[in-house]
Amino acid sequence: MNVMNARLSVMMFLQFFIWGGWFVTLGTFLATTLAASGGQVGMAFATQSWGAILAPFVIGLIADRFFNAERILAVLHLLGAVLLYQLYRAADFSAFYPYVLAYMMVYMPTLALVNAVAFRQIKDPALEFSRIRVWGTVGWIVAGVVISFVFAWDSQQSIAAGGLRNTFLMSAVASVLLGLYSFSLPNTAPLKSAAGTSSLKQMLGVDALGLLKDRSYLVFFLASILICIPLAFYYQNANPFLAEIGVTNPTAKMAIGQVSEVLFMLLLPLFIHRFGIKIALLVGMAAWALRYVLFAFGNNDDQAFMLLIGIALHGVCYDFFFVSGQIYTDAKAPERFRSSAQGLITLATYGLGMLIGFWIAGRITDHFTSSAGHDWRSIWLFPAGFSVAVLLCFWATFKSRDRDKAVLPSTV
Numbered sequence: 001m002n003v004m005n006a007r008l009s010v011m012m013f014l015q016f017f018i019w020g021g022w023f024v025t026l027g028t029f030l031a032t033t034l035a036a037s038g039g040q041v042g043m044a045f046a047t048q049s050w051g052a053i054l055a056p057f058v059i060g061l062i063a064d065r066f067f068n069a070e071r072i073l074a075v076l077h078l079l080g081a082v083l084l085y086q087l088y089r090a091a092d093f094s095a096f097y098p099y100v101l102a103y104m105m106v107y108m109p110t111l112a113l114v115n116a117v118a119f120r121q122i123k124d125p126a127l128e129f130s131r132i133r134v135w136g137t138v139g140w141i142v143a144g145v146v147i148s149f150v151f152a153w154d155s156q157q158s159i160a161a162g163g164l165r166n167t168f169l170m171s172a173v174a175s176v177l178l179g180l181y182s183f184s185l186p187n188t189a190p191l192k193s194a195a196g197t198s199s200l201k202q203m204l205g206v207d208a209l210g211l212l213k214d215r216s217y218l219v220f221f222l223a224s225i226l227i228c229i230p231l232a233f234y235y236q237n238a239n240p241f242l243a244e245i246g247v248t249n250p251t252a253k254m255a256i257g258q259v260s261e262v263l264f265m266l267l268l269p270l271f272i273h274r275f276g277i278k279i280a281l282l283v284g285m286a287a288w289a290l291r292y293v294l295f296a297f298g299n300n301d302d303q304a305f306m307l308l309i310g311i312a313l314h315g316v317c318y319d320f321f322f323v324s325g326q327i328y329t330d331a332k333a334p335e336r337f338r339s340s341a342q343g344l345i346t347l348a349t350y351g352l353g354m355l356i357g358f359w360i361a362g363r364i365t366d367h368f369t370s371s372a373g374h375d376w377r378s379i380w381l382f383p384a385g386f387s388v389a390v391l392l393c394f395w396a397t398f399k400s401r402d403r404d405k406a407v408l409p410s411t412v
């Protein structure tokens, strides 16, 4: 690894260490320390979607036109550190929510900014970017290990004492470090836009809407929105579920999912070439259903292996549907608006889909919660059944073509 790639890898490590340092345990923190309801937990997680919706405006109107990407990245992370500190100090949900909403509006644009900085500084993105981006996954994993094994903030005793509040302080410190570090990153000036180009249309993916005239892509597009509903259940409820049933070091164990994500990312191009996009997407949806069945019937005793398998399925769940979907979108879109097409599918999934998903997950969780606690089996069986329904509809209506198999591994 050369010096430039090493510097970019540090950037990626800190970027995802910050997010993984508080987001994984957010549901547990809100439910236990702030006594939030399922609906309120859903509101907090949905701030990610509002941030994803805002991000294209920040990147398109500011970063792409006026200021260097690395400088905006620095300012956003320094501002984010202040907001994370306010989350650390929040005494109740009413004080917490405005700050988490503001933070996600600040953080989500940085996901595109780190990619922009990396792509502009490397010579062969197809070869080099994955080797840099993987350090972001490592950062997420390390954050979970630190929470569980270094500070034990997710132990039952520490959770009861409010120890998870410290995750926000840890992430604030990391955000300061990345903010200062970003000023040292290479110059990444705005690119000159082509004359007559409507940047607003590109940001919103308006010129990519023509893809929806293709029946198969329309089916995929709708399925992408719907499958985000089960995804929201995992983000919102997995850590509280594991902590509540007494799983030790739940945050570190959830990092198994990120390890599997790396492994299955390597297998995905081979799978697509062998079986095609449709089978890859179906496998991803089937993995969601299987994961939630395992969660529904697993326990922290003789069936603990079911929980670990369910966590390890994250790589199949995410890579085989969402990464395959990005590849499929890139293959279907004409070159002139491939960026717009990726923006459109991101807004549909992390924006609209997750927004709906977190709202439903909050309502279902509240419905199956009583004074005796959560009815986790019923909670998990809902997204399992929903995933099966989406899978069957997709299988019956999506028609792949031979040319859809011709997707280069370098696009992963």
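Numbering of the sequence shown is given in the UniProt record's numbering, commencing with residue 1 and proceeding in unit increments. The beta-carbon is built from N, C-alpha and C at its ideal position, and this holds for glycine as well. Here the structure is a predicted model, which means the values were calculated and not measured.
query: Same chain, Cβ closer than 7 Å to S175, five either side skipped, listed in chain order; result: I18, H77, G80, A81 and L84
query: G27 - DSSP class collapsed to helix/strand/coil; result: helix
query: From F93, W288, M254 and F241, residue whose alpha carbon lies closest to that of L231; result: W288
query: Alpha-carbon spacing of V134 relative to M1, whole angstroms; result: 13 Å
query: Nearest residue (CA-CA) to S184, options G385, V24 and M4; result: M4
query: Within 9 Å, strictly: CB atoms of A74 and G179; result: yes
query: A6 - DSSP class collapsed to helix/strand/coil; result: helix
query: 9 Å Cβ cutoff, M1 in contact with chain C; result: The structure shown contains no chain C; it is built from a single protein chain.
query: I327 versus L14: straight-line alpha-carbon distance, rounded; result: 26 Å
query: Paired residues, beta bridge with residue 415 - DSSP; result: Outside the displayed span of the chain (1 to 412) sits residue 415, for which this structure offers no information.
query: Distance between beta carbons of M285 and S387, contact taken as under 8 Å; result: 6 Å
query: Distance, W395 Cα to V324 Cα; result: Before going further, note that residue 324 is Ser rather than Val in the sequence given. Each residue's alpha carbon lies about 16 Å from the other.
query: Host alpha helix (DSSP H) of L169 (start-end); result: N166 to S182
query: Euclidean distance between Cα positions of V100 and F93; result: 10 Å
query: Given 8 Å, three or more beta-carbon pairs between the stretch 165-173 and the stretch 17-35; result: yes
query: When M105, G162 and F66 are compared against A44, the one with the closest alpha-carbon; result: M105
query: Collapsed DSSP secondary structure at T197 in the structure displayed; result: With a pLDDT of 49 at T197, under the threshold of 50, the modelled position of this residue cannot be trusted, and the question is left open.
query: N237 and I379 closer than 9 Å at C-beta; result: yes
query: Distance, V316 Cα to P240 Cα; result: 22 Å
query: Chain-order list of residues whose beta-carbon lies under 7 Å from that of T197 (same chain, five-residue window excluded); result: Bear in mind that the predicted position of T197 carries a pLDDT of just 49, short of 50, making it unreliable; the figure below should be weighed with that in mind. So no residue of the chain qualifies.
query: Cα-Cα separation, I356 to D366; result: 16 Å
query: Whether A160 touches N249 by CB criterion (9 Å); result: no
query: Beta-ladder partner(s) of T369, from DSSP; result: H374
query: Helix, strand or coil at W22 [DSSP, three-state]; result: coil
query: Closest residue to A189 among F358, L391 and V117 (Cα-Cα distance); result: V117
query: Close-in-space but distant-in-sequence residues of the same chain around L292 (CB under 6 Å, 5 per side omitted); result: A small correction: the amino acid at residue 292 is Tyr; Leu does not occupy that position in the sequence shown. Only W380, P383 and A384 meet the Cβ criterion.
query: Cut-off 7 Å between Cβ atoms - residues of its own chain near A333, not counting five sequence neighbours on either side; result: A208, L211 and A341
query: Cβ-Cβ distance between A361 and G38 below 9 Å; result: yes
query: Cut-off 7 Å between Cβ atoms - residues of its own chain near T329, not counting five sequence neighbours on either side; result: A341, Q342 and I345
query: Residues near L34 in its chain [Cβ-Cβ closer than 7 Å; skip 5 each side]; result: D92, F93 and F96
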